[in-house]
Structure formats: C-alpha cells, structure tokens
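Okay, so here's the structure we're looking at.
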Amino acid sequence: MYNVVGVRFKKAGKIYYFDPAEFPLEKDQYVIVETARGVEYGKVVVPVKQVEEHDVVLPLKQVVRPADDLDRHQVDENQVESKRAFELGTEKIVEHTLEMKLVDVEYTFDRNKIIFYFTAEGRVDFRDLVKDLAAVFRTRIELRQIGVRDEAKMLGGIGPCGRMLCCSTFLGDFEPVSIKMAKDQNLSLNPSKISGLCGRLMCCLKYENDAYEEAKVLMPDMGSRIFTPDGKGKVVGINLLERVMQVELAEQQRVLDYTLEEIQQYAEKASAVD
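The following block contains the structure:
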C-alpha cells in the first residue's frame, strides 16, 4: 500500500498522484510538486489516502512543500505574463502567415518553459515562429497542437442545456462518444441537436449510455413478434429507460403499452401452464 495525495493543476484537469511525504495535507490546499514539466503549483483534490501498487504509476514523486503566499503571488504574475505572451504570439503568427489559431498560453510555475496551445487543420511548420518567440522571451518554448474538444475545455462556455460546459467544469478526461449512443437514446440525429460548442458529439451522450445498453439487452427488438396478455403482437415502439414497449395487436387493430415486467410475468405463467 502507498500513501498518496491527488493533485490537479487545472480546474477540470486530470488528477495526478504524489507521495505526500510527511506533510499533513488536506483537501483544497495548494502544494508545490515536481513533474515532468518541472516545478508546478497544484491544488489537492484528493486528501491523503492509501492505494494499491497497481493503482499508481511508480516511482511516485514527492510533494516538495505546501504552497505559501509568495507562491500564489508567483502564479498571479505568471498569469499576467501569459496574457502578454498570448498577444505577442498572435502577432507573430500573423507575421509568419501561419494557418493556425492560438488558443492559450501557459507559463510553468518556475518559468522555465512557455507552452503555446494552438489549433490547426493540418500540420504546421512553426520552426521560425519558435525561434522568434525564444528570442523575445529567452526561455524554452513549446508549441502544442490541440483538438477542438480541448479548445472548448480551455475556453469554456455555455452548452445547449444552458449550463457551463461539462468539459471545462468537472470532466477530467474525454470519453469516446459515438452516433450509436444517440440512436440508442432515440435522440434526433440532427447534428445541431447533438453537437456541443466544439462541433463534436456532446459528452453527455455518454452519461446515460450504460443504462440504455443494459435495458437494450432486456427489451425485445423493434419489429419483433411477442406474446402479450392480450394476444400476439408486433413491437412498434420502445422506451428503454422506463422499460415500456408499444405493441401493435394485429387481431384487435390497436396499439397497447406493456412494461417489460408484464411481458416477463406473462411468459412465465404461459411456460408454467405448458
């Protein structure tokens, strides 16, 4: 077992685990840690707990120390400098006539590196741009191409539901979303109805998908013939979440609703009689 503490560096970013060492760290406390990018300032979102070896990536790096007011001041200064770097980066992109859009600029806590996040339709030769930026800022420059979903996560916004985007508020990772999920949930397949601000399928299609998949296994297929308490019929409609099906009774020329439980109970009684 290992003692770990979960640290997040961005509002809805991934959670990384560190060895808390001897520090009595609590949730919502800020800490200084050593990462692959260098020294970073992060927030404790998972208090000290014990986990199995297979749940962490070894070797665990230790928390350097709890953050103080000076560290917070350093972060504020970095944010101010990031805005200046964003403006200059945008100007340089225009100068070099590059087909790319600058989305965000981030300083590492120790200012050893500046990361420029951008979107582009394809590959971009930005070598001359990096040289110009390095000459101005005199530090390591990294240009990182991101997708449209990452762009929405960084910039935030309000979704079709009227709430702040899930990706920018609490989703740490993007999970695969497919058009099949929309079909299973009987949603309109109009792209404008099931797409988010990023132009991709909405992440929330995944939320109830497991419930629909589970119900789909239990319910009969559309068009299948089944026996009901009122006779044999054809399934013409299905409400997966409520476990209700609409059955067209040919002999009676009407459509009736039956719950899955009613059909199962009828099938059990029929088999018992047989």
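In terms of numbering that gives the first Met the number 0, the sequence shown opens at residue 0 and continues consecutively. No residue lacks a Cβ here, since even glycine has one placed at the ideal position from N, Cα and C.
For P190, three-class secondary structure by DSSP: helix
Cβ neighbours of L97 in the same chain (closer than 7 Å, five flanking residues each side left out): V123, F125, L128
Rounded distance between the beta-carbons of N2 and P19, thought under 8 Å: 6 Å
Buried or exposed (CB count within 10 angstroms, at least 16 for buried), L240: exposed
L259 versus R242: straight-line alpha-carbon distance, rounded: 6 Å
Three or more C-beta pairs below 8 Å linking the stretch 45 to 56 and the stretch 76 to 93: no
Length-filtered (4 minimum) alpha helix (DSSP H) runs lying within the stretch 49 to 124: 68 to 94
Coarse secondary structure for Q144, derived from DSSP in three states: strand
Rounded C-alpha distance that separates S191 from C160: 13 Å
Pairwise C-alpha distance: K233 and R224: 5 Å
The stretch 144 to 152 in contact with the stretch 191 to 203 per 3-pair CB rule at 8 Å: yes
Option in T227, E247, D103 with minimal Cα separation from K268: T227
Any alpha helix (DSSP H) of 4 or more consecutive residues that is wholly inside the stretch 184 to 243: 190 to 193, 208 to 217
Close Cβ partners of K91 (< 6 Å) along its chain, the five nearest in sequence each way excluded: L128, D131
Closest residue to V56 among G5, H72, G88, E207 (Cα-Cα distance): G5
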